[in-house]
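Note sheet for the following structure.
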Amino acid sequence: MSYAERDIPIYYTELGESDPILFCHGAGGNSTIWWQQFAHFSRQYHCIAMDHRGFGRSSCSSEYFDVSKFGEDALAVLDAAKVERAHIVCQSMGGWTGVQLALKHPERVRSLTLGDTIGGFDIPSGVSEIGPVIERLKEVGGSNVALGAAFRQNQHSDAHLYREISAFNVAIRSLDLYGQMFHPDVLVPLERATNLNAPVLVIAGNEDEFWPPEVLKELSQHIPNARIVELESGHSPYYEVPEVFNETLQAFLETI
1 MSYAERDIPI YYTELGESDP ILFCHGAGGN STIWWQQFAH FSRQYHCIAM DHRGFGRSSC
61 SSEYFDVSKF GEDALAVLDA AKVERAHIVC QSMGGWTGVQ LALKHPERVR SLTLGDTIGG
121 FDIPSGVSEI GPVIERLKEV GGSNVALGAA FRQNQHSDAH LYREISAFNV AIRSLDLYGQ
181 MFHPDVLVPL ERATNLNAPV LVIAGNEDEF WPPEVLKELS QHIPNARIVE LESGHSPYYE
241 VPEVFNETLQ AFLETI
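Residue numbering for the sequence shown follows full-length UniProt numbering, beginning at 1 and increasing consecutively.
Structure below.
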């Protein structure tokens, strides 16, 4: 097992060679959740996936839990893996990580993919309406919102596997994740989106209850060199429609 040294050890896993991709998971996942991307991309790319602090094998107490450190944690993972520049692929909460890294260390980011995420930007349409969705997450456990309704109804075993992978995130249950994610000191002023210099791909699920396509389309208008693609899925197209997601991502990476 590999760890990057920070104030707490940050776990990461890697597979493959050549151009590096760092995968940053969402609040319902951990590094394991990217297994369908590792299977596809490790044949041509050096795939790396991290466990954010408080998730998976990067366990931590409330004393060390700080969403504003996610970007520097990702930087430490790149350093530990001896990677100078990488494509950064983010899902939901992982967008906070990717945006922090891209704004503070642009020289390390070859491209940025924002999957169903506002990336921590303080965009009113993506922040003010999020409260009721978060309450549903807390009440029912997450997969009711993280996965689209059609997927939950038709893909029972895969939905079950998602919940089982999420169950390994023990530490985060006692931490104030959403309070930190949407704290004014953590959210990034929207005008800073113009400082994202790397090519950006925004992926939206047409049934996403977190951030519907219209929110992500609005965000993409503030980002230079951004393109947006809408897929038929809920909040987690990388998991719900992995073949389409992988093809979309690969087509984007091949243009860089």
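The beta carbon of each residue, even a glycine, is placed where N, CA and C say it ideally should be.
Helix, strand or coil: which one does DSSP assign to M1? Correct three-state label for M1: coil.
If you run the structure through DSSP and keep just helix, strand and coil, what is P184? Correct three-state label for P184: coil.
Tell me the DSSP bridge mates of T113? For T113, which the question treats as bridged, DSSP gives the partners V89, L201.
On the CB-based measure, 16 or more other CB atoms within 10 Å of its CB, does V67 come out buried or exposed? Looking at its Cβ environment, which holds 16 or more other Cβ atoms inside 10 Å, V67 is buried.
Taking the beta strand (DSSP E) that A27 belongs to, which residues open and close that run? Element bounds for A27: n/a, residue is neither H nor E.
CA-to-CA distance, Q91 to S31, given in whole angstroms: Each residue's alpha carbon lies about 11 Å from the other.
DSSP on P124, reduced to helix/strand/coil? Here DSSP, grouped into helix, strand and coil, assigns P124 to helix.
Cβ atoms of I165 and D73: under 8 Å apart, would you say? It is not a contact, given that the beta carbons lie outside the stated cut-off.
Among residues of its own chain, excluding the 5 on either side of A204, which ones have a beta-carbon nearer than 6 Å to its beta-carbon? Excluding sequence neighbours, A204 sits near P213, L216, E230.
Does T13 come out as helix, strand or coil in the three-state DSSP assignment? Three-state result, T13: strand.
Go to A49, then tell me how far its beta strand (DSSP E) extends in each direction, as first and last residue. Under the DSSP assignment, A49 falls in the beta strand (DSSP E) whose first and last residues are 45 to 50.
Could you round the C-beta distance between N225 and P184 to whole angstroms and report it? I think they count as a contact, below 8 Å. Incorrect: roughly 28 Å between the Cβ atoms, too far for contact.
So, do the region 106 to 118 and the region 229 to 245 have three or more beta carbon pairs nearer to each other than 8 Å? The region 106 to 118 makes contact with the region 229 to 245; the number of CB pairs closer than 8 Å reaches 3 or more.
Smallest Cα separation from F210: which of Y12, A27, V188? Selected option, being the one with the closest Cα: A27.
Could you tell me the boundaries of the beta strand (DSSP E) in which R152 lies? Premise fails: R152 lies in the alpha helix (DSSP H), 149 to 154, not in any beta strand (DSSP E).
Burial state of N169 (16 or more Cβ within 10 Å): By the 10 Å Cβ count, N169 comes out buried.
Over the uninterrupted alpha helix (DSSP H) stretch that includes E232, give me the two end residues. It is not in any alpha helix (DSSP H) - E232 carries neither H nor E in the DSSP assignment.
Beta-bridge partners of I21, as assigned by DSSP: Paired residue(s): C47, H87.
Between which two residues does the alpha helix (DSSP H) carrying T248 extend? It spans 242 to 253 - the alpha helix (DSSP H) in which T248 sits, taken as one unbroken run.
With a CB to CB cut of under 6 Å and the five nearest residues on each side skipped, what residues in its chain are close to E84? Nothing listed; no residue qualifies.
When the Cα atoms are used, what is the spatial distance from P132 to V145? Distance between the alpha carbons of P132 and V145: 11 Å.
CA-to-CA distance, L187 to G120, given in whole angstroms: Note on geometry: alpha-carbon atoms of G120 and L187 lie some 5 Å from one another.
Quick check on H40: buried or exposed, where buried means 16 or more other Cβ atoms within 10 Å of its Cβ? Of the other Cβ atoms in all chains shown, 16 or more fall within 10 Å of the Cβ of H40; this residue is therefore buried.
Reduced DSSP category for W35 - H, G, I as helix; E, B as strand; rest coil: W35: helix per DSSP, three-state reduction.
Take the Cβ of D208 as the centre, count every other Cβ of all protein chains shown within 10 Å, and call the residue buried at 16 or more, exposed below. Answer is buried; the Cβ neighbour count reaches 16.
Under a three-way DSSP split, which group does Q100 fall into? Note: Q100 maps to helix in three-state DSSP.
Can the beta-carbon of F151 be found closer than 8 Å to that of G234? Between F151 and G234, the C-beta spacing is below 8 Å.
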